[in-house]
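Novice: Here it is, the structure in full.
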Amino acid sequence: MGNPALDAAFEGGAAFVPYLAAGDPDFDSSLEYVEALERGGADVIELGLPFSEPVAEGPTIQEAVVRSLEGGMTPDRFFEFVEALDVEVPLVCMTYYNLIYRYGDEEGPRPFVEKAAEVGLSGFVVPDLPAEEADPLREACDEFGLDLVFIVAPTTEGDRLDRIMERVSGYVYVQARLGVTGAQDDVSGQTESSLDRLAEYDVPKAVGFGIKTGDHAERIVAAGADGIIVGSALVDIVAEGHEDDEDAETVAARLEEKARELKEGAERGLAQRAPEAERT
Amino acid sequence: MSETTFDGKFGDYGGQYVPEALMPAIEELNDAYERYVLGNEDGFMDEFRRRLRDFGGRPTPTQHAERLSERYGREVYLKREDLLHGGAHKLNNALGQVLLAKYMGKERIVAETGAGQHGTATAMAAAHLDMPCEVYMGERDINRQRPNVFRMRLNGSEVNPVTVGRGTLKEAISETMRDWATNVEDTHYVIGSVVGPHPFPAMVRDFQSVISEEARAQMREKTDGLPDSVLACAGGGSNTMGAFAEFVDDDGVGLYAVEAGGSSLDVDEEAGVAPNSASLSTGSEGVLHGARTKLLQDRDGQIMESHSVSSGLDYAGVGPELAHLVDEGRVTAVNVDDDAALTAFHRLSQLEGVIPALETAHAFAYLEENHDELGETVLVNVSGRGDKDLESVIEETSKRDIDIAPDMDAFAGGF
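Below you can see the structure in the form of structure tokens.
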């Protein structure tokens, strides 16, 4: 089950997984922004395919979704976007189930997954698809060799956790706190207990929701995460650039700098953990 | 009662498509639904029925509409949910869910509202049962439905304006889901219709099925039989399922879900706009707000902005059970446009002395246009009263040439 690209991306132990909405605020600028994230140290990139009703997102990403849709983003344009990108790191598509379900001539997720494999995507994160409803997508992912990442929330325990972990591949997205996406001023205290609950499962654990600074990244990796997922703090940079009418090159440079700060923070966190790892 | 599902599916429709953070709350709710609602544990249903009677004013009457009967040459009966406390069927569900939240030990209620009737019912139920309540409402709907906004505030609820998108029910539901995902441990989300993830569609239907349970008995008493047809307007579909539930097994009773045809049944794919809210009549299958159902969406699966002169019907989706019953051929989905609904609003007000909600007026517009096909005895569910719609009706009527409407200039202060 799954795809070797994501396994390799997590081998270093402190993977940096940034998110941007594809096409925000326009197709060409967005290509530059995603490429800047790789230069800044991204190990995996989550690319958002915007859905009109993003119920799991906070205001920052909701606004990014609106900008991208207004710029003409569609599932077919998204696949063109992926093909046009000049990056080496694996790409994961983050979107809502209706877009996957509706794509192509037949009902169900298979045509979307087939096309995703054709353009070189490595996997999916689908925030409104719990394990109970995920079997058709899981089967299609297995058929085409893609990963299906699930989100584990602070409220996920017991049988539910087992059900998710039976179906997950690539990495598990550990939601650091309850609520919707959005940058926070501090790291959630729920992170460590979530990582403890997941310790026995043999799949990389990437923590997301609320990470904003290199310091946050450091603390989360030091606490045992295999990676960090950062969305809103990066989308904020895109939004500010758009509002201030800055050129794409300037915004891309700022994204690269922010990416480097986050990646370096994650590596510092790993270094703090290393002596302990040697002892055990 | 129509079929009760334990896996949350109605044919291919239904299910549970929500963020993972909400799944434990949905499992907890499902457990509470099975124990308290289906199993009457701790006498929950007895208390619910008692409060519906004493606080809500049930049973509501089924009234013979004499002038409509004369006009159409058949016997027309009105199930008067407009006489329920608060002026709409919405209290049945709101009271049930707020009471269930209390039984579950929840400490806070959130709800969304379109026309404001569900928000008002939830605010009343929350005040009655001493629960703090916050209601999300699209900014556009706040402007269309000010009396209901005042009523919610008077009952002690917070009303939170939603400004994203077009500022209607669709956006308000998404925003309430976000609040619920953030505060899921102590909060219950009172969904306002037979939509959303399982168990909401089944549970809301069960709370609303008191409408058809009473109507069935009252029709037997008054006519010695069952109606040939039952008509109810359909947005999300809670009054529709409530009015139909106890008749689903009666094959001789025709069930008509009357949707909002808006200004046109055509869609503008480029603009992402459907100038109607007729998801049963014109929609396609997809996944929105927790369930697989019929939706107004473009070819890529993006949800369209819907339209209706009635904000209570202005929603791009519909309950999954209703979608299933339409596919099965048990329910007939029909629609009427804004003009016909407004005209019907004036007609019912004048002929029967009943000022209906604009939602309800759609059912009466269908009766006007198609009474020949509906048999000898017709039951129409008067889902709510129209006081909340008066500002909209004055404004919308002024734009049109409705010959039976009163002189609209008089409403500008020239009585």
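Each protein sequence line maps, in turn, to chains A and B. What the first sequence shows, in our numbering, is residues 1 to 280, in sequence order. What the second sequence shows, in our numbering, is residues 1001 to 1415, in sequence order. Glycine is no exception: its CB is placed at the ideal position from the N, C-alpha and C atoms.
What in chain B is Cβ-close to residue 144 (chain A), meaning under 7 Å?
Specialist: As a position in the first sequence, residue 144 (chain A) is number 144, starting the count at 1. Per Cβ cutoff of 7 Å: no residues; residue 144 (chain A) is ~20 Å from chain B at best.
Novice: Do the region 1261-1270 of chain B and the region 87-96 of chain A touch if we need at least three Cβ pairs shorter than 8 Å?
Specialist: no
Novice: Would you report the Cα separation of residue 1001 (chain B) and residue 1152 (chain B), rounded to the nearest angstrom?
Specialist: The residue labelled residue 1001 (chain B) in the question sits at position 1 within the second sequence. The residue labelled residue 1152 (chain B) in the question sits at position 152 within the second sequence. Since pLDDT at residue 1001 (chain B) reaches only 42, below the 50 mark, its modelled position is unreliable, and no value is offered.
Novice: In the DSSP assignment, find the unbroken alpha helix (DSSP H) run with residue 73 (chain A) in it and report its ends.
Specialist: As a first step, residue 73 (chain A) must be located in the first sequence, where it is residue number 73. Per DSSP, residue 73 (chain A) belongs to no alpha helix (DSSP H) and is neither H nor E.
Novice: Interface residues of chain B around residue 89 (chain A) at Cβ under 7 Å?
Specialist: Taking the first sequence and counting its residues from 1, one reaches residue 89 (chain A) at position 89. By Cβ distance, chain B contributes nothing, its closest Cβ being about 25 Å from residue 89 (chain A), past 7 Å.
Novice: Is the Cβ-Cβ distance between residue 272 (chain A) and residue 218 (chain A) less than 9 Å?
Specialist: To locate residue 272 (chain A), count along the first sequence from 1; it is residue 272. To locate residue 218 (chain A), count along the first sequence from 1; it is residue 218. For residue 272 (chain A) and residue 218 (chain A), yes; Cβs fall inside 9 Å.
Novice: What does the alpha-carbon distance come out to for the pair residue 1233 (chain B) and residue 37 (chain A)?
Specialist: Counting from 1 along the second sequence, the entry for residue 1233 (chain B) is found at position 233. Counting from 1 along the first sequence, the entry for residue 37 (chain A) is found at position 37. A direct Cα-Cα distance of roughly 52 Å separates residue 1233 (chain B) from residue 37 (chain A).
Novice: Under a Cβ-count criterion, where at least 16 other Cβ atoms within 10 Å of its own Cβ denotes burial, should residue 59 (chain A) be classed as buried or exposed?
Specialist: Numbered from its first residue, the first sequence carries residue 59 (chain A) at position 59. Residue environment for residue 59 (chain A): exposed (fewer than 16 other C-beta atoms within 10 angstroms of its C-beta).
Novice: For residue 1017 (chain B) and chain A, any beta-carbon pair shorter than 9 Å?
Specialist: To locate residue 1017 (chain B), count along the second sequence from 1; it is residue 17. By this cut-off, residue 1017 (chain B) is an interface position.
Novice: Mapping DSSP to helix, strand and coil, what is residue 51 (chain A)?
Specialist: Counted from its first residue, the first sequence places residue 51 (chain A) at position 51. In the structure shown, residue 51 (chain A) sits in coil (DSSP, three-state: anything other than H, G, I, E or B).
Novice: Which chain B residues sit within Cβ distance under 7 Å of residue 132 (chain A)?
Specialist: In the first sequence, residue 132 (chain A) corresponds to position 132, counting from 1. Within 7 Å Cβ-Cβ: 1016.
Novice: Is there a Cβ of chain B sitting closer than 9 Å to that of residue 48 (chain A), yes or no?
Specialist: Position 48 of the first sequence, counted from the start, is the residue given in the question as residue 48 (chain A). No, residue 48 (chain A) does not count as interfacial toward chain B.
Novice: Quick one: which residues of the region 55-77 of chain A get their C-beta closer than 9 Å to a C-beta of chain B? List them in chain order.
Specialist: 55, 56, 57, 58, 59, 62, 63, 66, 69, 74, 75 and 76
Novice: To the nearest angstrom, how far is the alpha carbon of residue 1337 (chain B) from that of residue 42 (chain A)?
Specialist: Looking up residue 1337 (chain B) in the second sequence gives position 337. Looking up residue 42 (chain A) in the first sequence gives position 42. In a straight line, the C-alpha of residue 1337 (chain B) is about 53 Å away from that of residue 42 (chain A).
Novice: List in chain order: all unbroken alpha helix (DSSP H) runs of 4+ residues lying wholly within the region 1115-1162 of chain B.
Specialist: Those alpha helix (DSSP H) runs which fall completely within the region 1115-1162 of chain B and span 4+ residues are 1117-1128, 1139-1144 and 1146-1154.
Novice: Beta-carbon within less than 7 Å of residue 1035 (chain B)'s beta-carbon, same chain only, minus the 5 sequence neighbours each way: which residues are those?
Specialist: Here residue 1035 (chain B) refers to the residue found at position 35 when the second sequence is read from its first residue. Excluding residues within five positions, the ones whose Cβ falls inside 7 Å are 1041.
Novice: For residue 280 (chain A), would you say it is in contact with chain B, using Cβ-to-Cβ distances shorter than 9 Å as the test?
Specialist: Residue mapping note: residue 280 (chain A) aligns to position 280 of the first sequence, counting from 1. No answer about residue 280 (chain A) holds up, because its pLDDT of 47 lies below 50 and its placement is not dependable.
Novice: Can you pull the chain B residues whose beta carbon is under 9 Å from the beta carbon of residue 151 (chain A), in chain order?
Specialist: By one-based count along the first sequence, residue 151 (chain A) stands at place 151. Within chain B, the residues near residue 151 (chain A) are 1019, 1020 and 1021.
Novice: Relative to the alpha-carbon of residue 1096 (chain B), which residue among B:1079, B:1033, B:1133 and B:1066 has its alpha-carbon at the smallest distance?
Specialist: The count along the second sequence starts at 1 and reaches residue 1096 (chain B) at position 96. Checked all of B:1079, B:1033, B:1133 and B:1066; the closest Cα to residue 1096 (chain B) is B:1033.
Novice: Could you pull out every unbroken beta strand (DSSP E) segment of at least 3 residues lying fully inside the region 51-118 of chain A, listed in chain order?
Specialist: 91-94
Novice: Applying the 10 Å Cβ sphere with the 16-neighbour rule, what's the burial state of residue 1169 (chain B)?
Specialist: Position 169 of the second sequence, counting from 1, holds the residue named residue 1169 (chain B). Burial call: buried.
Novice: Can you look up residue 190 (chain A) in the DSSP assignment and give me helix, strand or coil?
Specialist: The count along the first sequence starts at 1 and reaches residue 190 (chain A) at position 190. Helix, per DSSP.
Novice: Please report the straight-line C-alpha distance between residue 1004 (chain B) and residue 1316 (chain B), rounded to a whole angstrom.
Specialist: Numbered from its first residue, the second sequence carries residue 1004 (chain B) at position 4. Numbered from its first residue, the second sequence carries residue 1316 (chain B) at position 316. Below a pLDDT of 50, predicted positions are generally treated as unreliable, and residue 1004 (chain B), at 49, falls in that range; no measurement from the model is reported.
Novice: Below 8 Å, how does it come out for the region 12-30 of chain A and the region 150-161 of chain A: are there three or more Cβ pairs, yes or no?
Specialist: no
Novice: Alpha carbon to alpha carbon, how far is residue 1277 (chain B) from residue 1082 (chain B)? Give it in angstroms, no decimals.
Specialist: Within the second sequence, numbered from 1, the residue matching residue 1082 (chain B) stands at position 82. Within the second sequence, numbered from 1, the residue matching residue 1277 (chain B) stands at position 277. Each residue's CA atom was taken as its position, placing residue 1082 (chain B) and residue 1277 (chain B) some 22 Å apart.
Novice: Is there at least one Cβ from chain B nearer than 9 Å to residue 214 (chain A)'s Cβ?
Specialist: Taking the first residue of the first sequence as 1, we reach residue 214 (chain A) at position 214. Output row for residue 214 (chain A): interface = no.
Novice: Check distances from the C-beta atoms of the region 1268-1288 of chain B to those of chain A and list, in chain order, the residues that come in under 9 Å.
Specialist: 1272, 1284, 1285, 1286, 1287 and 1288
Novice: Are there 16 or more other CB atoms within 10 angstroms of the CB of residue 263 (chain A), so buried, or fewer, so exposed?
Specialist: Indexing the first sequence from 1 puts residue 263 (chain A) at position 263. By the beta-carbon neighbour count (other beta carbons within 10 angstroms, threshold 16), residue 263 (chain A) is buried.
Novice: According to DSSP, what are the bridge partners of residue 1103 (chain B)?
Specialist: Looking up residue 1103 (chain B) in the second sequence gives position 103. Answer by DSSP bridge pairing: none, since residue 1103 (chain B) is not bridged.
Novice: Within the 9 Å Cβ cut-off, does residue 1183 (chain B) reach chain A?
Specialist: The residue labelled residue 1183 (chain B) in the question sits at position 183 within the second sequence. Answer yes: the Cβ-Cβ gap between residue 1183 (chain B) and chain A drops below 9 Å somewhere.
Novice: Would you report the Cα separation of residue 280 (chain A) and residue 68 (chain A), rounded to the nearest angstrom?
Specialist: Along the first sequence, one-based indexing puts residue 280 (chain A) at 280. Along the first sequence, one-based indexing puts residue 68 (chain A) at 68. Caution is warranted here: a pLDDT of 47 is assigned to residue 280 (chain A), below 50, making its placement in the model unreliable, and the coordinate value is therefore given only provisionally. Approximately 47 Å between the Cα atoms of the pair.
Novice: Might you give, ordered along the chain, the residues of its own chain that have their beta carbon closer than 8 Å to the beta carbon of residue 123 (chain A), omitting 5 neighbours on each side?
Specialist: Taking the first sequence and counting its residues from 1, the one referred to as residue 123 (chain A) is at position 123. Closer than 8 Å at the Cβ level, and outside the excluded window around residue 123 (chain A), lie 2, 3, 6, 90, 92, 93, 141, 146, 147, 148, 149, 169 and 170.
Novice: Between residue 175 (chain A) and chain B, is the shortest Cβ-Cβ distance under 9 Å, so that the two count as touching?
Specialist: Translated into positions along the first sequence, residue 175 (chain A) becomes position 175. So, interface residue.
Novice: At 3 residues or longer, what runs of the beta strand (DSSP E) sit wholly inside the region 1245-1269 of chain B?
Specialist: 1254-1262
Novice: When DSSP builds the beta bridges, which residues end up paired with residue 1188 (chain B)?
Specialist: For the purposes of this step, residue 1188 (chain B) is identified with residue 188 of the second sequence, where counting begins at 1. Per DSSP, B:1109.
Novice: When DSSP labels each residue in this structure, what does residue 279 (chain A) get in the three-state scheme?
Specialist: Taking the first residue of the first sequence as position 1, residue 279 (chain A) is located at position 279. Model confidence at residue 279 (chain A) stands at a pLDDT of 47, short of 50, so the residue's coordinates are unreliable; what they give is reported in the following sentence. Here residue 279 (chain A) sits in helix by DSSP.
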